[in-house]
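Visitor: Take 83 as the starting number for the first sequence in the working numbering and just add one per residue. Just so you know, even glycine gets a beta-carbon here, dropped at the ideal spot from N, CA and C. All values derive from a computational prediction rather than experimental measurement. Attaching a single structure in structure tokens format; questions to follow.
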Amino acid sequence: MSAVRVRFAPSPTGYLHVGGARTALFNWLYARKVGGVFVLRIEDTDAERSSTEMVDGILDSLQWLGLNWDEGPFFQSQRKDLYLTAARKLQEKGFAYRCYCHPSELNELRLQAEKSGKPWKYDGRCTALSPQDHQRLDAEGRTFAVRFRVPQEGAVKFQDIVFGDVEFSHDQIEDFVLIRSDGLPTFHLSVVVDDIDMHISHVIRGADHLSNTPKHILLFQALDAPMPAFAHVPLILGPDRSRLSKRHGATAAGAYREMGILAEAMRNFLSLLGWSPGDNRELMRTPELIEAYSLEGISRSSAVFDLQKLEWFNSQYMQLLTAEELEPLAKEKFIQQGCWNPDWEGESRQWFLKTLELIKPRMRSLNDLTGASRAFFADDFPLDMAAKEKFWKDERLSELLSQLAGEIDGIDAFDATTAEQALRTFADKSGVKAGLLINAARVALTGQAVAPSLFAVMETLGKAKTVRRLQAAAQILTAPAS
RNA sequence: GGCGCUAUCGUCUAGGGGUUAGGACGUGAGAUUCUCAAUCUCAAAACCCGGGUUCGAUUCCCGGUAGCGCUACCA
83 MSAVRVRFAP SPTGYLHVGG ARTALFNWLY ARKVGGVFVL RIEDTDAERS STEMVDGILD
143 SLQWLGLNWD EGPFFQSQRK DLYLTAARKL QEKGFAYRCY CHPSELNELR LQAEKSGKPW
203 KYDGRCTALS PQDHQRLDAE GRTFAVRFRV PQEGAVKFQD IVFGDVEFSH DQIEDFVLIR
263 SDGLPTFHLS VVVDDIDMHI SHVIRGADHL SNTPKHILLF QALDAPMPAF AHVPLILGPD
323 RSRLSKRHGA TAAGAYREMG ILAEAMRNFL SLLGWSPGDN RELMRTPELI EAYSLEGISR
383 SSAVFDLQKL EWFNSQYMQL LTAEELEPLA KEKFIQQGCW NPDWEGESRQ WFLKTLELIK
443 PRMRSLNDLT GASRAFFADD FPLDMAAKEK FWKDERLSEL LSQLAGEIDG IDAFDATTAE
503 QALRTFADKS GVKAGLLINA ARVALTGQAV APSLFAVMET LGKAKTVRRL QAAAQILTAP
563 AS
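Here it is, written out as structure tokens:
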């Protein structure tokens, strides 16, 4: 049995951020690589800012990304007793003490210190309070927080799997709060208690927690628990190298789903943000990613989120997936856009799959289905102005397209081959280049300048639609410019 | 301010005491012709600065600078 147990522990104070998604992915990849267990834990100890809607959103995004968890989700809000018990134990053993200072007065002190440029740290003024003092203050109705007693001398040293040897002097760490005066545990206590309780072997989390790690280590020691290994993952930045935020664009993992990004492309792209297999491989499908994954390959410097590269990965995956693999994703997208036709999974399924196959090479995202490729699935498709400008310039086109429609209509065994024959023969007869007709017809049939081979388009659309759209285009061209 | 971490093409990165410093995205040019946002080819593009160590640093050490993180009774 493998002893590796990792966890992803988001706090439901917002949607799943791409940084969080990447952290979840790294945990998941590692668990899958070594046959470990991936635990999901919701850190909702901040009751004020947490909500069940956010929990649902996070779970949904995780599921979309395919990052299935083996245990959980566990909710810290339901495990309060565990933390309280630990805090009591810590106090009994002298590792923690009651602090009756009021947050606002402490805040005042801190502000003052900041103003005078002095470093601020809680001075441990309540350390020396006796049980008698406690009784007296309790009688006065004062509330207290529980603080951890950080040793005066020495330092915390640990070895981070990605950052190597790290050392923090004790005097840099203040006596941090374990239990707030409202009786609720803080993040520091609950993470450590849970990581112990859930037998977490590797803590893989964002590098923003590197500076918190010494506090956690102190707690592990005080609680007499085995120490997990730590691997801190560098942060993801926006294009201006500041922490990725809304002003850089979409930060919610779910937003990429909306954009038509495939989950597997997202996984591949995210995996390479702060990790490398050590060779030149980049395009790696998920099984290969798992196979190649290692904590040692994580880099130490933060990475800029590059949307263009994500889009490139996505276009690659669009090609990699078969029409059958695409089918359910396409259905979801069509339904979402309100233009799903149930026939496509019934009598027209073969046509649907074939058409998917046809348009796939030019698709960069699932959204192209209802965007650039809309004309394949609906009759109300927009006419791209640039396409019109480019290929509908020739004055003869109105007449030519109308005649071409007639030629096409006259074909008995209509398919790509016979359509091509008809068009080329007609071009010769009319003394125009086939390209002129082909390009103009493409715009007529799809509304786009870019589309698959015209004759394949004709075949997929069928004779009737082809003729109808050719005639409609001729009409538009005849009508005075509007 | 204090503490910590980081620093290779615009971006993601490989590499490492002696290399033409490799790959990918993006960019530019060409090929292809039935369009290209497909495909192929080619090109431009990087070791933050200053000291040391060394025969030799981009690589090791120190300092600087910059960026980021932490510095809460947020997580």
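The alpha helix (DSSP H) with residue 143 in it runs from where to where?
Guide: Residues 134 to 146.
Visitor: Can you tell me whether residue 122 is buried or exposed, with buried defined as 16 or more other CB within 10 angstroms of its CB?
Guide: With 16 or more Cβ atoms within 10 Å of its Cβ, residue 122 is classed as buried.
Visitor: With a CB to CB cut of under 8 Å and the five nearest residues on each side skipped, what residues in its chain are close to residue 280?
Guide: 87, 89, 121, 123, 153, 156, listed in sequence order.
Visitor: Tell me the rounded alpha-carbon separation between residue 467 and residue 530.
Guide: The alpha-carbon atoms of residue 467 and residue 530 are separated by roughly 9 Å.
Visitor: What number of angstroms, rounded off, separates the C-alpha of residue 282 from the C-alpha of residue 359?
Guide: Straight-line Cα distance between these residues: approximately 25 Å.
Visitor: Excluding the 5 residues preceding and the 5 following residue 165 in the sequence, name in chain order all residues of the same chain whose CB lies nearer than 6 Å to its CB.
Guide: Answer for residue 165: 267, 271, 272, 275, listed in chain order.
Visitor: Just mark residue 564 as buried or exposed, buried being the case when its beta carbon has 16 or more other beta carbons within 10 Å.
Guide: The predicted model places residue 564 with a pLDDT of 49, which falls under 50 and marks its position as unreliable, so this point remains unresolved.
Visitor: By Cβ distance, which residues of its chain are closer than 7 Å to residue 538, with the 5 residues on each side in sequence left out?
Guide: So the list reads 440, 498, once near-sequence residues are dropped.
Visitor: How would you write the range of the alpha helix (DSSP H) that residue 298 sits in, first residue to last?
Guide: Element bounds for residue 298: 295 to 304.
Visitor: For the beta strand (DSSP E) that residue 248 lies in, which residues bound it at each end?
Guide: Its beta strand (DSSP E) spans residues 246 to 251.
Visitor: Let me know the secondary structure DSSP gives residue 232 once reduced to three states.
Guide: The answer is coil: DSSP assigns residue 232 none of H, G, I, E or B.
Visitor: When the Cα of residue 311 is compared with those of 226, 320, 322, 278, which residue comes out closest?
Guide: The residue with the shortest Cα to Cα distance from residue 311 is 278.
Visitor: Short of 6 Å in beta carbon distance, which residues of its chain neighbour residue 405, apart from the five on each side in sequence? Order them along the chain.
Guide: Correct list, in chain order: 435, 438, 439.
Visitor: Expressed to the nearest angstrom, what Euclidean distance is found between the alpha-carbon atoms of residue 104 and residue 393?
Guide: Looking at the two C-alpha atoms, the distance is approximately 17 Å.
Visitor: So is the beta-carbon of residue 552 under 6 Å away from any non-hydrogen atom of the ligand MN?
Guide: Of the ligands one can find in the structure shown there are none, so the ligand MN has no counterpart to examine.
Visitor: Use the C-beta contact count for residue 417: other C-beta atoms within 10 angstroms, 16 or more gives buried, fewer gives exposed.
Guide: Exposed, by the Cβ-count rule.
Visitor: Please work out which residues of its chain come closer than 7 Å, Cβ to Cβ, to residue 225, disregarding the five sequence neighbours upstream and downstream, and give them in chain order.
Guide: Correct list, in chain order: 263.
Visitor: With distance defined between alpha-carbon atoms, name the residue in 366, 241, 403 nearest to residue 314.
Guide: Residue 314 has its Cα closest to that of 241, out of 366, 241, 403.
Visitor: Would you kindly report the start and end of the unbroken beta strand (DSSP E) that includes residue 153?
Guide: Looking at the DSSP string, the run of the beta strand (DSSP E) that includes residue 153 is 153 to 157.
Visitor: Could you tell me the distance, in whole angstroms, from the CA atom of residue 215 to the CA atom of residue 222?
Guide: Whole-angstrom Cα-Cα distance: 11 Å.
Visitor: For the beta strand (DSSP E) that contains residue 180, what are its first and last residues?
Guide: Note, residue 180: beta strand (DSSP E), 178 to 181.
Visitor: Just to confirm before moving on: does the CB-CB distance between residue 421 and residue 454 stay below 7 Å?
Guide: It is not a contact, given that the beta carbons lie outside the stated cut-off.
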